[in-house]
Amino acid sequence: GARGVLHYMQRTAIQGSPSMITAITREWTKGADETADAVHPFRKHFDELEVGDTIITGSRLITLEDVVNFANLSGDKFYAHMSDEDARTNGVFTGRVAHGYFIVSAAAGLFVDPALGPVLANYGLEGLRFTKPVYPGDTIHVRLTVKQKTAKDTPVDGIPQGVVEWDVEVRNQDNEAVAVYSILTLVARKH
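Here our numbering = 1-based position in the sequence shown + 407.
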């Protein structure tokens, strides 16, 4: 069965389309089919979510005020966030750049549905990479896709739940990836 296939895949290379690999492994692979739904995925219980469920958010303009406010709030006043001239001196940036962690926070503000619902908690973040700088005046949007689901044992007198791993791509106005990572959420199960 599928368990045997997964066991032997530890030592075997497979070829196929991203959708076929996703179907075999039950883990979404970039390029595989995505399913958009009118219902925000944070409104769905663990049992209702499917690998490949995707939402693409609206956009947010990143402003100089955002960068200054985040620097003051976080205490991260690294020179590349505070001065256009200094940021250009290292050859990495063409000017003052937004904090990567601000971009991750702003991305969450775009994809999180804040109302009480089946998402119980943020469980962690993995594989974060900042792939392109974000400058004041850039806009970002997010593509959030269910990558993998893992049911958890129900705690004694607790809520049945599972861990959902989401593939996150933050993209700029040119649709270039600026940050990629996975987030983990605890999501209530119906059963």
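Note that the Cβ used here is the ideal one computed from N, Cα and C, for glycine as well.
Remember, predicted model here, so these are calculated numbers, not experimental data.
- Assigned with DSSP and collapsed to three states, E492 falls in helix.
- Here the alpha carbon of P525 sits roughly 9 angstroms from the alpha carbon of Q568.
- Residue L591 holds the alpha-carbon nearest to the alpha-carbon of G534 among G438, D454, N479, L591.
- The beta-carbon separation of R503 and S490, rounded to 6 angstroms, stays under the 8 angstroms limit for a contact.
- The straight-line gap separating the alpha-carbon atoms of A420 and R550 is approximately 28 angstroms.
- Between the C-alpha atoms of V577 and A409 there is a straight-line separation of about 33 angstroms.
- Here A558 is exposed. Its C-beta has fewer than 16 other C-beta atoms within 10 Å.
- The C-beta distance from I462 to H447 rounds to 6 angstroms, short enough to meet the 8 angstroms contact threshold.
- When the beta-carbon positions are compared, T464 and F518 come within less than 8 angstroms of each other.
- Secondary structure note for F537: its beta strand (DSSP E) is the uninterrupted segment 526–537.
- In the assembly as shown, A528 is an exposed residue. Its beta-carbon has fewer than 16 other beta-carbons within 10 Å.
- Within 10 angstroms of the beta-carbon of V563 lie fewer than 16 other beta-carbons, which makes it exposed.
- Looking at A445, E572, F500, the one whose alpha-carbon comes closest to that of V594 is E572.
- Along the region 470–525, the beta strand (DSSP E) does not occur as any fully enclosed run of 3 or more residues.
- Our two residues, R495 and T538, have alpha carbons roughly 18 angstroms apart in a direct line.
- Rounded to whole angstroms, the gap between the alpha carbons of D581 and F500 is 17 angstroms.
- When the Cα atoms are used, V585 and N579 turn out to be separated by approximately 7 angstroms.
- Residues of the same chain with their beta carbon placed closer than 6 angstroms to that of L523 are lacking, with the five preceding and five following residues left out of the count.
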